[in-house]
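Chains as they are written, first to last, in full-length UniProt numbering: chain A, 1 to 243; chain B, 1 to 293.
First comes the structure, then the notes that go with it.
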Ligand SMILES: Nc1ncnc2c1ncn2[C@@H]1O[C@H](COP(=O)(O)OP(=O)(O)O)[C@@H](O)[C@H]1O
Ligand SMILES: [Mg+2]
């Protein structure tokens, strides 16, 4: 569905992506792991059109979409929930949802907004409030709900669990699973490698602008290199808890 | 007479509010003060003088002509002097501001060249018509100005809060990147914003011409600085702030002239800037963050 080949993206003179090759298959959850500063967000922004790659190409549904603007890519079916959520804080919750369906011209928008608010009752409750007044977890739900209202074929989620309480994190992962089951392909960037690999079908690991490992999620979760680098400390502390 | 001064103040204030709205819309979306806005306003006023005075067109047609001319100016301003500087590497964030200063100098001198220095009278058939309500004299022109201003302000507010394009404008004003990933063609919205702001400037130009019965190539600078004072007072990029700030300035100027020293009239705006920057730098309605636009 999505194919990145040899993508190189720069910030001025600084090269953040050094030739990324990545494939996302339809109907799957693909996760992108890696330490802070590895280039995960840069990859997501390049796919969504916020950054233009200097070299390489991005192909979506068999079409070369390299260098298109974000609004053009959204119309093709790629929606991004950026790191830090990017809520429109001076607009109401309802207006944020309406902006999610901005490009749609069909008549199901209203019904879809109703449905989304049914799925996230808190958004229904708070619909007339400024979105900036929501808590972090609520804002993340709003950001995801808003992106879903564009009816994307591919949903890009950049660290959706960042800074949220464990209970909310579990809820977010549940939602991501639901989104996949409803037929939307997901590319998920996560710090929380273990949880991400649990729901993902395939995973990539980045380091300083390169993809260093990729494989089936079920293989990665037991891969010693990954366990050591990304699951290590956490799993030993969990083992300590068990003992 | 207090009531008469109140009416004068509100009339003047509502014109100021419309000028300030043009500033605030552009500031909200682009983050710069459009220093050419005053001169676009001046061109709008001259279009009014030419069409009514020389060509003898009816007033409504003069408004239409002014809107068309200033909209085109707004479009050219964005396409030729602002967009080429946007998002370019190595371009200072002050560059677009300086670019608008260039346009303002160009427009002022152009109209100086075409129309000559000095004031031109603005004649409308009902400029002299007034009605007496008890002791109070009200000019029809004042009522027209006030009505047009109110319609513009309410219209703009409804457009911003209820329509798809208005919401896209607010989203773009809050965060360009976010708006773009939600499917907003931000280039289009920015162009639209500059056009709307310029057209409002053109309307305000005719209104000022009617209110003071004169226009001059220099009028843009004075009103531009006042518009700037108003949005600093009301809160940069804040629509409500522009309206309230405009009315406040119009009222205080009028009352100073009536009951104080008229020589200080033009100083009020700048005293207001100094006070507000000392006491509440974000403006009356501004918040410290980018909220509340
Ligand atoms: N706006 C920027 N300007 C310059 N360098 C940046 C910018 N954003 C990110 N970088 C750099 O690019 C690299 C990758 O960053 P990023 O993609 O945000 O990493 P991740 O999301 O994996 O934490 C880092 O070295 C970071 O410092
Ligand atoms: Mg990141």
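All C-beta atoms, glycine included, are put in the ideal place defined by N, C-alpha and C.
Bear in mind the structure is a predicted one, so any value in this text is a computation, not a measurement.
For residue 2(A), the first and last residue of its enclosing alpha helix (DSSP H): For this step, residue 2(A) is matched to residue 2 along the first chain. Segment 2-11 is the beta strand (DSSP E) holding residue 2(A); no alpha helix (DSSP H) there.
Please list the partners that residue 102(A) has in chain B, where partner means a Cβ-to-Cβ separation under 9 Å. Here residue 102(A) refers to the residue found at position 102 when the first chain is read from its first residue. Under the 9 Å cutoff, chain B gives 164, 167, 168, 171, 179, 182, 183, 184.
State yes or no: is the C-beta of residue 41(A) nearer than 6 Å to some heavy atom of ligand 3? Looking for ligand 3 in the displayed structure turns up nothing; the ligands present are ligand 1 and ligand 2.
Can you list the alpha helix (DSSP H) stretches of 4 or more residues lying completely in the segment 87-142 of chain B, in chain order? 95-115
Taking the alpha-carbon of residue 50(A) as reference, which of 175(B), 202(B), 252(B) has the nearest alpha-carbon? Counting from 1 along the first chain, the entry for residue 50(A) is found at position 50. It is 175(B).
DSSP puts residue 216(A) in a beta bridge; with which residues? Taking the first chain and counting its residues from 1, the one referred to as residue 216(A) is at position 216. In DSSP, residue 216(A) forms a bridge with 202(A).
Test item: CB-CB of residue 172(B) and residue 186(B) under 7 Å: By one-based count along the second chain, residue 172(B) stands at place 172. By one-based count along the second chain, residue 186(B) stands at place 186. Yes, the pair counts as a contact, with Cβ atoms nearer than the cut-off.
Do you know offhand how far residue 19(B)'s Cα is from residue 66(A)'s? Within the second chain, the letter at position 19 stands for residue 19(B). Within the first chain, the letter at position 66 stands for residue 66(A). Each residue's alpha carbon lies about 42 Å from the other.
For residue 210(A), name the three-state secondary structure that DSSP assigns. Walking along the first chain from the start, residue 210(A) turns up at place 210. In the structure shown, residue 210(A) adopts extended strand secondary structure according to DSSP, grouped into three states.
Considering only residues of the segment 1-52 of chain B, which uninterrupted alpha helix (DSSP H) runs meet the minimum length of 4 residues and lie entirely inside it, listed in chain order? 2-30, 37-49
For residue 187(A), does the three-state DSSP call read helix, strand or coil? The residue you call residue 187(A) lines up with position 187 of the first chain. Three-state DSSP puts residue 187(A) in a strand.
Is the CB of residue 71(A) under 7 Å away from at least one CB in chain B? Taking the first chain and counting its residues from 1, the one referred to as residue 71(A) is at position 71. For residue 71(A), the answer is yes, since a Cβ of chain B falls inside 7 Å of its Cβ.
Grab the span of the alpha helix (DSSP H) containing residue 74(A) for me, first residue to last. For the purposes of this step, residue 74(A) is identified with residue 74 of the first chain, where counting begins at 1. From DSSP, the alpha helix (DSSP H) with residue 74(A) extends over 70-76.
Quick one: is the Cβ of residue 36(A) within less than 6 Å of any heavy atom of ligand 1? As a first step, residue 36(A) is located in the first chain; it is residue number 36 there, counting from the start. Yes, the beta carbon of residue 36(A) sits closer than 6 Å to at least one heavy atom of ligand 1.
Proximity test, Cβ basis, 7 Å: residue 88(A) and chain B: Counting from one through the first chain, the residue named residue 88(A) turns up at place 88. Yes, residue 88(A) lies at the interface with chain B (some Cβ there is under 7 Å from its Cβ).
Which residues mark the beginning and the end of the alpha helix (DSSP H) in which residue 253(B) is found? Translated into the one-based positions of the second chain, residue 253(B) becomes position 253. 239-259 is the extent of the alpha helix (DSSP H) around residue 253(B).
Could you check if residue 177(B) belongs to the surroundings of ligand 2, using beta carbon to heavy atom distance under 6 Å? In the second chain, residue 177(B) corresponds to position 177, counting from 1. Not under cutoff, so the answer is no.
If you draw a straight line from the C-alpha of residue 97(A) to the C-alpha of residue 133(A), how long is it? For the purposes of this step, residue 97(A) is identified with residue 97 of the first chain, where counting begins at 1. For the purposes of this step, residue 133(A) is identified with residue 133 of the first chain, where counting begins at 1. If I take the Cα positions, the gap works out to 15 Å.
Rounded to whole angstroms, what is the Cα-Cα separation between residue 164(A) and residue 137(A)? Within the first chain, residue 164(A) is the residue found at index 164, counting from 1. Within the first chain, residue 137(A) is the residue found at index 137, counting from 1. Their backbone Cα atoms lie some 6 Å apart in a straight line.
Where does residue 188(B) sit, in a helix, a strand or coil, going by DSSP? The residue you call residue 188(B) lines up with position 188 of the second chain. In this structure, residue 188(B) counts as helix in the three-state DSSP scheme.
Residue 83(A): CB within 6 Å of a non-hydrogen atom of ligand 2: Taking the first chain and counting its residues from 1, one reaches residue 83(A) at position 83. Within the cutoff, so yes.
Is residue 97(A) helix, strand or coil when you go by DSSP? Within the first chain, the letter at position 97 stands for residue 97(A). It is helical.
Anything in chain A within Cβ reach of residue 174(B), meaning under 8 Å, just list it in chain order. Residue mapping note: residue 174(B) aligns to position 174 of the second chain, counting from 1. Scanning chain A for C-beta atoms nearer than 8 Å to the C-beta of residue 174(B) yields 88, 89, 90, 91, reported in chain order.
Proximal residues, the segment 89-106 of chain B versus chain A, C-beta separation under 9 Å: 89
Under 8 Å from the C-beta of residue 12(A): neighbouring residues of chain B: In the first chain, residue 12(A) corresponds to position 12, counting from 1. The contacting residues are 89.
Can you tell me where the beta strand (DSSP E) holding residue 31(A) begins and where it ends? Here residue 31(A) is taken as the residue at index 31 of the first chain, counted from 1. 29-34 is the extent of the beta strand (DSSP E) around residue 31(A).
Give a yes or no on contact between the segment 200-212 of chain B and the segment 89-101 of chain B, applying the rule of three or more CB pairs nearer than 8 Å. They do not touch, by the three-pair rule.
Residues that DSSP places opposite residue 42(A) in a beta bridge: Translated into the one-based positions of the first chain, residue 42(A) becomes position 42. Residue 42(A) is bridged by DSSP to nothing; it lacks a bridge partner.
Any non-hydrogen atom of ligand 1 within 6 Å of residue 11(A) CB: Along the first chain, one-based indexing puts residue 11(A) at 11. Within the cutoff, so yes.
Can you tell me where the alpha helix (DSSP H) holding residue 180(B) begins and where it ends? Here residue 180(B) corresponds to residue number 180 of the second chain, with the count starting at 1. First-last of the alpha helix (DSSP H) with residue 180(B): 176-181.
From 204(A), 220(A), 223(A), 91(A), pick the residue whose C-alpha is nearest to that of residue 170(B); which is it? Position 170 of the second chain, counted from the start, is the residue given in the question as residue 170(B). Nearest of 204(A), 220(A), 223(A), 91(A) to residue 170(B), Cα basis: 91(A).
If we ignore side chains and look at the alpha-carbon of each, how far apart do residue 36(A) and residue 229(B) end up? Position 36 of the first chain holds residue 36(A). Position 229 of the second chain holds residue 229(B). Distance between the alpha carbons of residue 36(A) and residue 229(B) is about 45 Å.
Within the same chain, show all residues whose beta-carbon is closer than 6 Å to that of residue 153(A), passing over the 5 residues directly before and after it, in chain order. As a working mapping, residue 153(A) is identified with position 153 in the first chain. Around residue 153(A): 77.
Got a sec: is the Cβ-Cβ distance from residue 162(A) to anything in chain B below 7 Å? Within the first chain, the letter at position 162 stands for residue 162(A). No - not a single Cβ of chain B is within 7 Å of the one on residue 162(A).
With residue 88(A) as the anchor, note down where its alpha helix (DSSP H) starts and where it stops. For the purposes of this step, residue 88(A) is taken as residue 88 along the first chain, with counting starting at 1. Counting along the chain, residue 88(A) falls outside any alpha helix (DSSP H), and DSSP gives it neither H nor E.
Restricting to Cα atoms, I'd like to know which of 123(A), 209(A), 3(A) is closest to residue 58(A). Along the first chain, read from residue 1 onward, the residue named residue 58(A) stands at position 58. Comparing Cα-Cα distances from residue 58(A) to each of 123(A), 209(A), 3(A), the minimum goes to 3(A).
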